[in-house]
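So that you can map any letter, position 307 of the sequence shown is 1168 in our numbering, and since no number is skipped, the others follow by simple counting.
The structure under discussion appears below in the form of structure tokens.
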Amino acid sequence: MPKVSVIVPIYGVEKYLKEALDSIINQTLDDLEIILIDDGGKDSCPQIIDEYAAKDSRIITIHKQNGGYGQSCNVGLEKATGEYIAIMEPDDYIDSHMYEDLYNIAKKYDSDIVKSPFYKNIDTPMYKNVIYEHFTKYYSIPEDRSFTIFEAPHLLYYHPSIWSAIYKREFLANNNIKFKEVPGAGWTDNPFQVQTMCLAKKINYTSKAYYYWRVLNNNPSEELKDYRIPFERCSEIREWMKSNGFFVPELMSAYYLREICYIYTVLGMRNVNDEDDLKNRIYSMVNNMEKDIIINSKYLNNKDKKLYLKILKSKDSIDLLKKQIFIKQLLKKIKKNLIRLRISKKNIKLEILNKTIIDMKNM
862 MPKVSVIVPI YGVEKYLKEA LDSIINQTLD DLEIILIDDG GKDSCPQIID
912 EYAAKDSRII TIHKQNGGYG QSCNVGLEKA TGEYIAIMEP DDYIDSHMYE
962 DLYNIAKKYD SDIVKSPFYK NIDTPMYKNV IYEHFTKYYS IPEDRSFTIF
1012 EAPHLLYYHP SIWSAIYKRE FLANNNIKFK EVPGAGWTDN PFQVQTMCLA
1062 KKINYTSKAY YYWRVLNNNP SEELKDYRIP FERCSEIREW MKSNGFFVPE
1112 LMSAYYLREI CYIYTVLGMR NVNDEDDLKN RIYSMVNNME KDIIINSKYL
1162 NNKDKKLYLK ILKSKDSIDL LKKQIFIKQL LKKIKKNLIR LRISKKNIKL
1212 EILNKTIIDM KNM
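In structure tokens:
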């Protein structure tokens, strides 16, 4: 039995795929099963993974019709035989010690999940930076013992980041944890993260980051293509938490912050094809939140609570909130692009409002 099965759902990422695969095959933990799922790719990804499989016997390739991220992950889970499961996205890359270090922690504590922070690798045409994203900025997490989600509820409001962790395969199978199968990415990592974190009896955490999450658009509102997706996933999560005994104030006080953040995201979207439907979905989400939990939550700040109360009081307030968020986004974009000066040994370039004013080359 391999120590770790690495599942990689792949679609349309030929530019970054080799970097991702190289970072997996060069792990210090050699005992890996690497499952590469081609989700009906139209670019060179299918050929790339076949080339890698021909050179590395640990690699299993699966070619299938396009069915989305969730379906690809489920295909990988069915195929996996490793003691632990890892999921990696094909446009990211990882530190060479990631799976060895996380596996060693898992074996020490017999963990259901070993969770780590990650690096947000912002890779946009306008801005590039690598930011350490962790889960202990405001609340602590023990590193010397196992814990459950009730000791660290704040994990439920952060980005799901299901790829900066490993999961015991037996734990996933015994709890019948699978991905929601919907077209495209579909935010299916959200229910998976909540279910795994809530059901795990032994979660372990390390403050060392290994995973580099590539962000090609740093504006969530622009990145989201279908405003309905957050509402659908959140509705599914709520129903699951209710039916499995996790719809309790200790957890919902943290989880509601995720829903508030998603409201901010959809409020910032432009060119929504059905504004009335969007408003109805936002209003419904807010009305289904427990008011006492929101007001008393230590995880929501005053700004978040005011947003909730404004929408709860009047659906019409959503129009004004959309305008306010649009203006804030616009001012932020103008500030970023107003003046940009780039200096290198061979070039000096000055841009004002994205127009090149000075371009001195070969200095």
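All C-beta atoms, glycine included, are put in the ideal place defined by N, C-alpha and C.
With a cut-off of 8 Å on Cβ pairs, the stretch 1180-1196 is in contact with the stretch 1129-1149, counting three or more such pairs. The C-alpha of Tyr960 is placed about 42 Å away from the C-alpha of Leu1192.
In the DSSP assignment, Thr922 falls within the beta strand (DSSP E) that extends over Ile920 to Lys925.
Partner residues in the beta bridge of Ser866, as assigned by DSSP, are Glu894 and Ile946. The beta carbon of Tyr1071 sits closer than 8 Å to those of Ile955, Asp956, His958, Met959, Asp962, Leu963, Ser977, Phe979 and Ser1025, all from its chain and outside the five residues before and after it, given in chain order. C-alpha of Pro986 to C-alpha of Tyr970: approximately 43 Å in a straight line. Linking Glu880 to Ser1145 through their CA atoms gives a straight-line distance of about 43 Å. Per DSSP, reduced to three states, the secondary structure at Thr1217 is strand.
In the three-state reduction of the DSSP assignment, Arg1075 falls in the strand class.
Phe979 is bridged by DSSP to Glu994 and Tyr1072. When DSSP states are grouped into helix, strand and coil, Asn1035 belongs to the helix group. Counting only runs that start and end inside the stretch 1049-1120, the beta strand (DSSP E) elements of at least 3 residues fall at 1064-1066 and 1072-1076. Between the C-alpha atoms of Val975 and Glu1083 there is a straight-line separation of about 32 Å. In this structure Ile923 is in contact with Ile898, their Cβ atoms being roughly 5 Å apart against a cut-off of 8 Å.
In this structure, Ile1023 is the residue among Leu1033, Ile1023 and Pro1044 with its C-alpha nearest to the C-alpha of Asn1051. In the three-state reduction of the DSSP assignment, Lys989 falls in the strand class, which pools E and B.
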